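Single-structure report; data block below.
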Amino acid sequence: MIGVGKTTAANLISQHLDAPLHLESVEGNEILEKFYTATPEEEQAKRYPFLLQLAFLNSRYTDIKRALESRHAVLDRSIYEDWYFARVNTDMGRISDLEFSLYENLLANMMEELEVFPKKSPDLFVFLHADFDTIIRRISNRGRDFEQDASQLAYFRRLWEGYRDWVENRYQESPVLVFDTDLYDLSEPDNQRLLLQLVDDKLAEYAQLQSA
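Mapping to full-length UniProt numbering: the sequence shown position 120 is 120, numbers consecutive.
Shown next as structure tokens:
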């Protein structure tokens with residue numbers, strides 16, 4: 001979820017595993033800022049939500065190809081969850097059914113390409129969870145101007161309400177580790193060590209299954 005602590009967790013895991021880190025790029029993303037600040041009329045005329053999903057989909061596919069240049073890698077976002085964002089924006093009327101169909105066809109083509117990659121899916125999907133009030137507070141604290149518009153509150157809540165259900169009932173590409181950053185604030189060293197231990201344990205389980 002936006003504002004849950006992905007960058008912090010990704011940095012910790014990357015350093016712990018001595019693996020390259022590929023972060024979602026948001027600074028200087030003109031479409032992202034327009035997505036958050038455009039009026040409903042501008043949004044409909046310029047199709048910013050659809051353009052943003054295409055931009056992020058392309059970015060995630062590029063990150064996967066870059067990650068494959070190393071034996072191990074950590075990504076703070078997944079191409080698999082990109083579908084969820086597109087679905088939510090479609091349900092909210094920000095992306096049309098026709099645009100969503102085009103998006104799904106493009107995504108399907110990309111996923112077919114992944115089938116021939118040496119590593120087509122993650123060893124582990126780490127899902128960070130926090131209460132909605134915590135999410136909003138963290139979004140406010142990090143101070144990105146384009147995320148502060150009160151009109152985006154409904155969008156953030158819609159994303160938050162369905163995210164865990166998507167992880168638990170739709171995502172099937174790899175083992176999943178759910179980590180509650182409300183209970184275990186990642187600013188605390190003990191909680192950082194707990195996360196890394198859980199990651200190690202899950203990866204060991206995965207390796208054992210692969211070798212069985």
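Backbone N, C-alpha and C fix where the C-beta goes; we use that ideal spot for every residue, glycine too.
The structure presented is a predicted model; accordingly, all values stated were derived computationally and were not measured.
So, under 8 Å CB-CB, residue 70 and residue 20 are touching, yes? Tell me the CB distance rounded to an integer number of Å. What you label residue 70 is simply residue 70 of the sequence shown in a count that begins at 1. What you label residue 20 is simply residue 20 of the sequence shown in a count that begins at 1. Separation of the CB atoms of residue 70 and residue 20 is rounded to 5 Å, and the pair is thereby assigned contact status at 8 Å.
Among 121, 32, 134, which has the Cα closest to the Cα of residue 185? Here residue 185 corresponds to residue number 185 of the sequence shown, with the count starting at 1. Nearest Cα to residue 185 within the set 121, 32, 134: 134.
What are the start and end residues of the beta strand (DSSP E) that includes residue 85? Start at 1 with the first residue of the sequence shown, and residue 85 comes out as number 85. In the DSSP annotation of this structure, residue 85 is not part of any beta strand (DSSP E); the continuous alpha helix (DSSP H) holding it starts and ends at 79-91.
Under 7 Å Cβ to Cβ from residue 75, same chain only, skipping five residues before and after it: list those, please. Reading the sequence shown from its first residue, position 75 is the one you call residue 75. In the same chain as residue 75, and ignoring 5 residues on each side of it, the C-beta atoms closer than 7 Å to its own belong to 22, 63, 67, in chain order.
Using 8 Å as the cut-off, can you tell me whether the stretch 106-115 makes contact with the stretch 168-179, which would need three or more C-beta pairs spanning the two stretches below that distance? Short answer: they don't touch.
Tell me, please, which residues DSSP counts as bridged to residue 21. Position 21 of the sequence shown, counting from 1, holds the residue named residue 21. Residue 21 pairs with 74.
Return yes when the Cβ of residue 194 is within less than 8 Å of the Cβ of residue 1, no when it is not. What you label residue 1 is simply residue 1 of the sequence shown in a count that begins at 1. What you label residue 194 is simply residue 194 of the sequence shown in a count that begins at 1. By the CB criterion at 8 Å, residue 1 and residue 194 fall outside the cutoff.
Thinking C-alpha only, which one of 31, 77, 157, 44 is nearest residue 8? Your numbering for residue 8 matches position 8 in the sequence shown. Looking at the Cα atoms, 77 is the closest of the given residues.
Starting from residue 167, trace the alpha helix (DSSP H) both ways and give me its first and last residue. By 1-based counting over the sequence shown, the position of residue 167 is 167. Residue 167 -> alpha helix (DSSP H) spans 153-169.
Note down the Cα distance separating residue 211 from residue 96, rounded to an integer number of angstroms. Counted from its first residue, the sequence shown places residue 211 at position 211. Counted from its first residue, the sequence shown places residue 96 at position 96. A direct Cα-to-Cα measurement between residue 211 and residue 96 gives close to 45 Å.
Buried versus exposed call for residue 40 [16 or more other C-beta atoms within 10 Å across all chains shown]: Sequence index remark: in the sequence shown, residue 40 carries index 40 (1-based). Around the CB of residue 40, fewer than 16 other CB atoms lie within 10 Å, so the residue is classed as exposed.
Is it buried or exposed, residue 204, if we count other Cβ atoms within 10 angstroms and call 16 or more buried? For the purposes of this step, residue 204 is identified with residue 204 of the sequence shown, where counting begins at 1. Using a 10 angstroms sphere on the CB of residue 204, the tally of other CB atoms stays under 16, which defines it as exposed.
Is it right to say residue 14 is buried, meaning 16 or more other beta carbons lie within 10 angstroms of its own, or is it exposed? Translated into positions along the sequence shown, residue 14 becomes position 14. Under this definition residue 14 is a buried residue.
Start and end of the beta strand (DSSP E) containing residue 128? Position 128 of the sequence shown holds residue 128. Following the DSSP letters along the chain, one finds residue 128 inside the beta strand (DSSP E) bounded by residues 125-129.
Ignore the nearest five residues each way along the sequence and tell me which others in residue 132's own chain have a CB closer than 7 Å to its CB. Taking the sequence shown and counting its residues from 1, one reaches residue 132 at position 132. Cβ within range, chain order: 157, 160.
Would residue 163 and residue 80 qualify as a contact pair, given that the criterion is a beta-carbon distance under 8 Å? In the sequence shown, residue 163 corresponds to position 163, counting from 1. In the sequence shown, residue 80 corresponds to position 80, counting from 1. Result no, Cβ atoms of residue 163 and residue 80 do not sit closer than 8 Å.
Top-ranked residue by Cα proximity to residue 101, from 121, 50, 55, 115: Taking the sequence shown and counting its residues from 1, the one referred to as residue 101 is at position 101. Residue 50 is the option with its Cα nearest to residue 101.
Between the Cα of residue 56 and the Cα atoms of 42, 38, 46, 30, which residue gives the shortest distance? Taking the sequence shown and counting its residues from 1, one reaches residue 56 at position 56. For residue 56, the nearest C-alpha among the options comes from 30.
Give a yes or no on whether the C-beta atoms belonging to residue 12 and residue 196 are separated by under 8 Å. Taking the sequence shown and counting its residues from 1, the one referred to as residue 12 is at position 12. Taking the sequence shown and counting its residues from 1, the one referred to as residue 196 is at position 196. Taking C-beta atoms as the reference points, residue 12 and residue 196 count as a pair closer than 8 Å.
Of the residues 35, 73, 52, 92, which one's Cα is nearest the Cα of residue 82? Translated into positions along the sequence shown, residue 82 becomes position 82. Closest option to residue 82, Cα to Cα, is 52.
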